[in-house]
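Accompanying notes for the structure given below.
Protein chains: 6
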Amino acid sequence: MADADDAMRRFAVPDHDDVPEDLRARIDEETERAGFTPNVFSAMAYRPSHFRAFVAYHDALVEETELEREEVEMIVVAVSGVNDCLYCIVAHGALLRIYADAPKLAEQIASNHRTADVSEAHRAMLDFAVKLTERPAEVTEADVERLEDHGFSRRAVWDVGSVAAFFNLSNRLAHLADMRPNDEFYDLGRGDD
Amino acid sequence: MADADDAMRRFAVPDHDDVPEDLRARIDEETERAGFTPNVFSAMAYRPSHFRAFVAYHDALVEETELEREEVEMIVVAVSGVNDCLYCIVAHGALLRIYADAPKLAEQIASNHRTADVSEAHRAMLDFAVKLTERPAEVTEADVERLEDHGFSRRAVWDVGSVAAFFNLSNRLAHLADMRPNDEFYDLGRGDD
Amino acid sequence: MADADDAMRRFAVPDHDDVPEDLRARIDEETERAGFTPNVFSAMAYRPSHFRAFVAYHDALVEETELEREEVEMIVVAVSGVNDCLYCIVAHGALLRIYADAPKLAEQIASNHRTADVSEAHRAMLDFAVKLTERPAEVTEADVERLEDHGFSRRAVWDVGSVAAFFNLSNRLAHLADMRPNDEFYDLGRGDD
Amino acid sequence: MADADDAMRRFAVPDHDDVPEDLRARIDEETERAGFTPNVFSAMAYRPSHFRAFVAYHDALVEETELEREEVEMIVVAVSGVNDCLYCIVAHGALLRIYADAPKLAEQIASNHRTADVSEAHRAMLDFAVKLTERPAEVTEADVERLEDHGFSRRAVWDVGSVAAFFNLSNRLAHLADMRPNDEFYDLGRGDD
Amino acid sequence: MADADDAMRRFAVPDHDDVPEDLRARIDEETERAGFTPNVFSAMAYRPSHFRAFVAYHDALVEETELEREEVEMIVVAVSGVNDCLYCIVAHGALLRIYADAPKLAEQIASNHRTADVSEAHRAMLDFAVKLTERPAEVTEADVERLEDHGFSRRAVWDVGSVAAFFNLSNRLAHLADMRPNDEFYDLGRGDD
Amino acid sequence: MADADDAMRRFAVPDHDDVPEDLRARIDEETERAGFTPNVFSAMAYRPSHFRAFVAYHDALVEETELEREEVEMIVVAVSGVNDCLYCIVAHGALLRIYADAPKLAEQIASNHRTADVSEAHRAMLDFAVKLTERPAEVTEADVERLEDHGFSRRAVWDVGSVAAFFNLSNRLAHLADMRPNDEFYDLGRGDD
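Those protein sequence lines, which keep their order, are chains A, B, C, D, E and F.
Take 41 as the starting number for the first sequence in my numbering and just add one per residue.
Take 41 as the starting number for the second sequence in my numbering and just add one per residue.
Take 41 as the starting number for the third sequence in my numbering and just add one per residue.
Take 41 as the starting number for the fourth sequence in my numbering and just add one per residue.
Take 41 as the starting number for the fifth sequence in my numbering and just add one per residue.
Take 41 as the starting number for the sixth sequence in my numbering and just add one per residue.
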């Protein structure tokens, strides 16, 4: 797992062999699916119990949800853009390109979701996620109702907010550790893939 | 579980009977320990899979850690103060009073950790947590080393940052749902308890 | 007056005997009423002429006003929350609990007036006070009229604004001197007082 | 007192005859000295008891002080510049030009005290006043000591901070009322007066 | 050209004789018109090719435009006020006084355009310029349409935005070099000129 | 020039035939070099005189300079990242990849120059450019000297600052017009080009 040495720069990336067996299984599964081990897995293994909860939360957010996967990734990229998080912009930018089949959307949303090529409903969704990121105490019932006006159920609003909230955690872990995106992520899902 | 109806105001608090059995067991255990059900449990049951991961992450942060529990609560209160989160200031303020046996510390740290009655090492710890909250992209290796100069191991820095990061998630969930602290939390751990 | 030594930490608290007679009389009167000497009196005696004007202004604001005393204290706590002022949050938090007979209101308003248990008119009042605190140059006639729509007279708007303005002074004096709230304030007016 | 009608735009300027006698005497005295009635007097008469305390505080700050009057006016202009307060920039800009005998200093300090033509000690004084204005909770003992290093006594630091704090009140009253500077102030103390 | 030595403080002002001939001609022309050499010309000669483009852009903005010259200067002063730029506030403040024949307008707009003595259309124009300065990514089609509602053509909106954008360049060059306004600018266009 | 219709969304892109001949020549030259017409050319032709000055200034900045072209592009991408400017991030991100022969550098600098793979001298250069962008009034002689300590000549500091200043103009023009990057820019200079 030599390539993982640059997964993060402020904490020592553990040897694959020292990682508990259940996490190794999860990492291996992810590696097989992606063709490489996303660095967040190598980095989070630094603290196995944190790793398990982090991955479980992430999985819950994409599995028990009213949102399409591409909507989840739109939110992730918008929030990570606001928080200036290289790892998440690049890694989830790749996922967004793939899930939305839209090679230019990641750069658009990461820099300014207000002028991105998305529907009005999705723009409202990203407005909500960005407000919860930048000025969480100012989110009011009126903001929730505006999302409902755009067709989101109350249940879906929970999901929009939860994904935004989770990546406010995730972005800060990446900044804390100086996590580095794998080289592969920079190019995945671009025009000629 | 009638008292829980005010646990949050923007989403419907589920009936205790409708909550999956494993979560009910966890809630009951918490209720027995505290003498009341902390509202965050009633609220998070809205989405069982999110609840499980949220609680697991929280437990990991207080169990696999280099920090004393009172240090964890100091960080929670400082971060929640910056994020203006009523639920976490009041609920974790109570925990801080109890764990640190310091009835005035919660108000001090929630309003301004810079002049709170804490050691210089703890002030540095809170400076780090607040910076990761307010300006995460500006955290550098030099900030990590400053914490090490105050006696924190590199491993402990991960924990300081992880607690801060997690409550940037938690505060936003509370704002999203307009979670309300239980009445009991306001008074727990004050002078004459 | 030994207890007053911790009234502030950056300037020397004067001996009670060295304080001019008129101020001593005022301090003694306050001490008799409260059962202890609020630290702001001990601290402000550092400069007798400033003390006199400060107290006179404060008295004018609670005496020549269209506002109820509990409204004044709501504004004080909201402004002091925005300015992160420990002394005023704790001391006026106690006064708010007492005047409004509402043991949870201080924590609610200090952290986020937007979700506090107050009427819509009072929320508008606090919005105005917070805007005048955070972005004073952006206050316009439209903001004044919005308060009038909520039933405040033009004369009352002056009072809302003046209380907010005065505590922008007061909070900064407390930060300047590192004033400390008396222990008594932390618990006054809570549920079982 | 017809000219005073434009003293402020959001509240009615009282007729001179309706103003209590002690205030009228004070206004007349000021008018005689300046050759015109500064609009702040006409405006503050809206609430006589506030007027008395406001003027008393202002007088205390310029009378019981370790600072030269031109230093007081430097602080006022710097703070008012940060707070974007037209009335105080123009009226106290005139006073600064006169007291410091420096016709260009007001514009320099109001726009950016960092490059104004002042001594290093005065720049440190203005840094302190601006920090107490913009980020009051971040003022620490180290900031106080830095001013002492520039030759200010601890007592003088109180005065620097108090003037800054008072004009955080004053600027907000002016914004609240939309106070307008008298025409005379714009030109007073310029080169060829 | 001895007087120009203070044109800027961080870079050496070139000798007039060392300046390329075409620039010297332009400087001389400006000197003849104004009666003195505006310091920006002396300063920008530091890099002749930059000087040429800078002046050409400025000239284009005041020549190929839908705006009156006094409108251009209003925008310049508002933007420079937001950016705290002494040189541009003072030099273009003088131009504004002259072009608008309004001796008090510069101080009003530089401190707070919201309460300046301008028409509602001009206030909207300045709102737009200030938003493009402070929060450029948040400018939307709705902002453009709001200006159109006030009678500005779409073409004129380009000009409002372009002047604002150019002075975001110009203000930063002045801050970079610590450019100083000529003494003459402070008094030009005041009441008794 | 049908493809140019999406060059910007808030103003009409002029027909190539209606563009003055000298600009058409310049556009054609650029088109030949790049293989496509960068949208900024199509958009700026909206106002020919502005176009000429804009292009002349840009050319001066890359021609009369102490900086390497890749340093110029680093500054452009850092400033555009701070200003959230899609057009400049994507178009100049491509140029940066090409000039620096570094396919990952654009994403790194656009999101957070502090952890980008650049030398310490280049990080100081980007710190300076970002400070001049975000807090221009706070740039002091000490900032200039810090750059000199990293080996930049005083002359080079002018260039660093001028490029940063120019893209504060350019980013705002792009936001004003809602300029859109050509599809080609998204992929140029990536790993397998």
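Virtual Cβ for every residue (Gly too), placed ideally from N, Cα, C.
Check: Own chain, CB closer than 7 Å to R186(F), minus 5 neighbours either side, in chain order; Outcome: A164
Check: Residues in the segment 101-125 of chain D having any Cβ partner in chain C nearer than 9 Å; Outcome: L101, E103, E104, T105, N123, D124, C125
Check: Under 7 Å from the C-beta of N152(A): neighbouring residues of chain F; Outcome: D124, L126
Check: Start and end residues, alpha helix (DSSP H) containing V80(A); Outcome: 79-84
Check: V197(A), enclosing alpha helix (DSSP H) - first and last residue; Outcome: 194-217
Check: Listed by chain order, chain B residues near Y226(C) by CB distance under 9 Å; Outcome: P143, K144, E147, R230, G231
Check: Chain E contact for T263(D) (CB, 8 Å cutoff); Outcome: As displayed, chain D neither begins before 41 nor continues past 233, which places residue 263(D) out of reach and without an answer.
Check: V130(C) beta carbon less than 8 Å from that of F207(C); Outcome: no
Check: Contact list for V184(D) against chain E, beta-carbon separation under 9 Å; Outcome: Near V184(D) there are no residues of chain E at all, since even the closest Cβ is about 26 Å away, more than 9 Å.
Check: Length of the line joining the Cα atoms of N152(D) and C125(E); Outcome: 7 Å
Check: Interface residues of the segment 180-207 of chain C facing chain E [CB-CB below 8 Å]; Outcome: T180
Check: CA nearest to the CA of L216(B), picked from S210(A), R154(A), D223(A), V203(A); Outcome: V203(A)
Check: Interface flag, N211(E) vs chain H, CB-CB below 8 Å; Outcome: Checking the listed chains, one finds no chain H in this structure; the protein chains it contains are A, B, C, D, E and F.
Check: Rounded straight-line distance, which links the Cα of L166(C) to that of L228(F); Outcome: 53 Å
Check: Assigned exposure category for R92(F) - 16 Cβ within 10 Å defines buried; Outcome: buried
Check: Beta-carbon separation (whole angstroms), Y97(F) vs F51(F), contact threshold 8 Å; Outcome: With 8 Å as the limit, Y97(F) and F51(F) do not qualify as a contact, their Cβ atoms being about 20 Å apart.
Check: 8 Å Cβ cutoff, P221(B) in contact with chain A; Outcome: no
Check: Any chain A beta carbon closer than 8 Å to S89(B); Outcome: yes
Check: Cβ-based burial, S193(A) [other Cβ within 10 Å; buried from 16]; Outcome: exposed
Check: Alpha carbon of V122(A) to alpha carbon of R175(E), nearest angstrom; Outcome: 14 Å
Check: Cutoff 8 Å: E174(A) Cβ touching any chain C Cβ; Outcome: no
Check: Segments of 3+ residues assigned as beta strand (DSSP E) that fall wholly inside the segment 125-190 of chain A; Outcome: none
Check: CB contact below 8 Å: Y86(B) versus chain A; Outcome: yes
Check: Residue-chain proximity (I129(A), chain F), Cβ-Cβ < 8 Å; Outcome: yes
Check: Residues near T105(A) by beta carbon distance below 6 Å, same chain, minus five either side; Outcome: D199
Check: Given 8 Å, three or more beta-carbon pairs between the segment 56-72 of chain C and the segment 60-67 of chain D; Outcome: no
Check: C-alpha gap between L136(C) and G191(B), whole angstroms; Outcome: 41 Å
Check: Cross-chain neighbours of D218(B) in chain C, by beta carbon under 9 Å; Outcome: T155
Check: Whole-angstrom distance between D57(E) and S28(E), CA atom to CA atom; Outcome: Coverage of chain E is limited to positions 41 through 233, which leaves residue 28(E) absent and any answer about it impossible.
Check: Within-8 Å CB hit, R92(A) to chain B; Outcome: yes
Check: Cβ neighbour criterion (16 or more within 10 Å) applied to S159(A); Outcome: exposed
Check: Cβ separation of A214(E) and Y127(E), assumed to be a contact under 8 Å, to the nearest whole Å; Outcome: 4 Å
Check: Close Cβ partners of N222(C) (< 7 Å) along its chain, the five nearest in sequence each way excluded; Outcome: F76, P78, N79
Check: N211(F) versus R220(B): straight-line alpha-carbon distance, rounded; Outcome: 43 Å
Check: Neighbourhood of V184(D) by C-beta distance below 7 Å, restricted to the same chain and skipping five residues each side; Outcome: V197
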